[in-house]
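Read through the structure below, which is laid out as structure tokens, and then see the notes.
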Amino acid sequence: MEYHITQYDLEQGALEIQYIEEYFGEFPRKKTATEIVRRLNGRRHLILLATAPLPDDPGSVVPVSFKVAHEITASETEPKLADLVKRLRDHVQVDGRRVLYTWIGGTRRDWRGQGHFRALTEQQEAWAIEQGFDEIVVKTKNKFYEMRGTLDHLRFEVVKYERHAGDNAESKVYLSKKLLPDLLRAHRSARTVVQVAL
Ligand SMILES: CC(C)(COP(=O)(O)OP(=O)(O)OC[C@H]1O[C@@H](n2cnc3c(N)ncnc32)[C@H](O)[C@@H]1OP(=O)(O)O)[C@@H](O)C(=O)NCCC(=O)NCCS
Numbered sequence: 000m001e002y003h004i005t006q007y008d009l010e011q012g013a014l015e016i017q018y019i020e021e022y023f024g025e026f027p028r029k030k031t032a033t034e035i036v037r038r039l040n041g042r043r044h045l046i047l048l049a050t051a052p053l054p055d056d057p058g059s060v061v062p063v064s065f066k067v068a069h070e071i072t073a074s075e076t077e078p079k080l081a082d083l084v085k086r087l088r089d090h091v092q093v094d095g096r097r098v099l100y101t102w103i104g105g106t107r108r109d110w111r112g113q114g115h116f117r118a119l120t121e122q123q124e125a126w127a128i129e130q131g132f133d134e135i136v137v138k139t140k141n142k143f144y145e146m147r148g149t150l151d152h153l154r155f156e157v158v159k160y161e162r163h164a165g166d167n168a169e170s171k172v173y174l175s176k177k178l179l180p181d182l183l184r185a186h187r188s189a190r191t192v193v194q195v196a197l
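As structure tokens, this is what we get:
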């Protein structure tokens with residue numbers, strides 16, 4: 000199977016992400032396009048969407064999976080990101096290295112288990128290596144079992160576990176993958192990538 004991936008510029012990408020997140024019942028707080036632009040503007044970022052045909056109308060192609068990542072640095076001032084970098088200290092070396100943070104992502108329920116997220120992940124890794132990044136970091140929660148299982152298959156390593164005082168299901172898990180040149184050889188997905196810019 001060949002996966003169809005689109006790489007979006009910021010403004011259009013933010014609208015696409017806002018749109019696809021509407022399909023995710025399990026996300027308690029969906030991101031708005033404004034929030035996405037605010038987070039990504041001024042920092043190196045990557046917005047990827049995979050598209051696929053509707054099963055009952057193969058002529059219609061729709062976005063089915065997405066992945067949004069951005070650079071984090073040792074000198075973050077935005078409170079959420081400064082907090083993230085602080086929590087990663089002692090676990091991921093941010094200072095003097097280029098670290099890409101996978102902020103949000105998912106696959107629409109009807110298209111899960113078909114390799115779309117692997118294809119997006121591999122494309123993200125290929126881009127990140129090309130851009131000179133050293134490592135990709137992602138954060139999830141104990142209770143997100145599908146995501147944890149998937150990150151395991153995608154060979155992310157747990158670098159930190161942050162226990163929630165009241166409910167262990169809410170505990171945070173931080174994972175990372177070092178971007179070594181050999182990594183590209185392990186990639187399995189066949190992809191066509193289209194770049195959309197305004
Ligand atoms: C996690 C998620 C993104 C996986 O997307 P997907 O498109 O179904 O993933 P893929 O089909 O590309 O699978 C990638 C790999 O993960 C594995 N995988 C997928 N779903 C899995 C699951 N539920 N449990 C264990 N492994 C799983 C696949 O077998 C595959 O491994 P392989 O290539 O070695 O065979 C999707 O299930 C999802 O969006 N879940 C909800 C997201 C969520 O909970 N977000 C909360 C914030 S982190």
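Residue numbers for the sequence shown follow numbering that gives the first Met the number 0, beginning at 0 and rising by one.
Every residue gets a Cβ at the ideal spot worked out from N, C-alpha and C, and that includes glycine.
Note that the structure is predicted; figures quoted are calculated from it, not measured.
The alpha helix (DSSP H) enclosing residue i, as first and last residue numbers
| i | result |
| --- | --- |
| GLY105 | Careful: GLY105 lies outside any alpha helix (DSSP H), inside the beta strand (DSSP E) at 98-106. |
| ASP82 | 78-87 |
| THR120 | 115-129 |
| GLY58 | Per DSSP, GLY58 belongs to no alpha helix (DSSP H); it is in the beta strand (DSSP E), 56-71. |
| TYR144 | 144-152 |
| GLU20 | 9-20 |
Buried versus exposed, by CB contacts within 10 Å (16 or more), residue i
| i | result |
| --- | --- |
| ALA127 | buried |
| ARG37 | exposed |
| ARG117 | buried |
| THR149 | buried |
| THR76 | exposed |
| THR191 | exposed |
| PHE26 | exposed |
| HIS115 | buried |
Range of the contiguous beta strand (DSSP E) that encloses residue i
| i | result |
| --- | --- |
| GLU34 | Unbroken run through GLU34 is the alpha helix (DSSP H), 32-39; no beta strand (DSSP E). |
| LEU174 | 171-177 |
| ALA189 | 189-195 |
| ALA51 | 44-53 |
| ARG161 | Contrary to the premise, residue 161 reads as Glu rather than Arg in this sequence. Counting along the chain, the beta strand (DSSP E) containing GLU161 begins and ends at 156-161. |
| VAL136 | 134-140 |
Sub-8 Å separation of residue i and residue j beta-carbons
| i | j | result |
| --- | --- | --- |
| LYS171 | ILE135 | no |
| ILE16 | VAL61 | no |
| ILE103 | LYS159 | no |
| ILE71 | LEU48 | no |
| TYR7 | ALA189 | no |
| ARG97 | HIS69 | no |
| GLU169 | LYS142 | yes |
| TYR173 | HIS90 | yes |
| PHE155 | GLY105 | no |
| THR101 | VAL63 | no |
| VAL193 | THR33 | no |
Residues near residue i by beta carbon distance below 8 Å, same chain, minus five either side
| i | result |
| --- | --- |
| ALA125 | LEU183 and HIS186 |
| GLU21 | LYS29 |
| GLU161 | ARG86, SER170, LYS171, VAL172 and TYR173 |
| ARG111 | GLU145 |
6 Å CB neighbourhood of residue i in its chain, flanking five on each side removed
| i | result |
| --- | --- |
| PRO52 | VAL60 |
| ILE35 | ALA13 and ILE16 |
Neighbourhood of residue i by C-beta distance below 7 Å, restricted to the same chain and skipping five residues each side
| i | result |
| --- | --- |
| LEU39 | LEU9 and HIS69 |
| GLY24 | none |
| TYR144 | none |
Tell me which residues pass a beta-carbon proximity test against ligand 3: closer than 5 Å to any heavy atom, given in chain order.
Here the bound small molecules are ligand 1; ligand 3 is not part of this structure.
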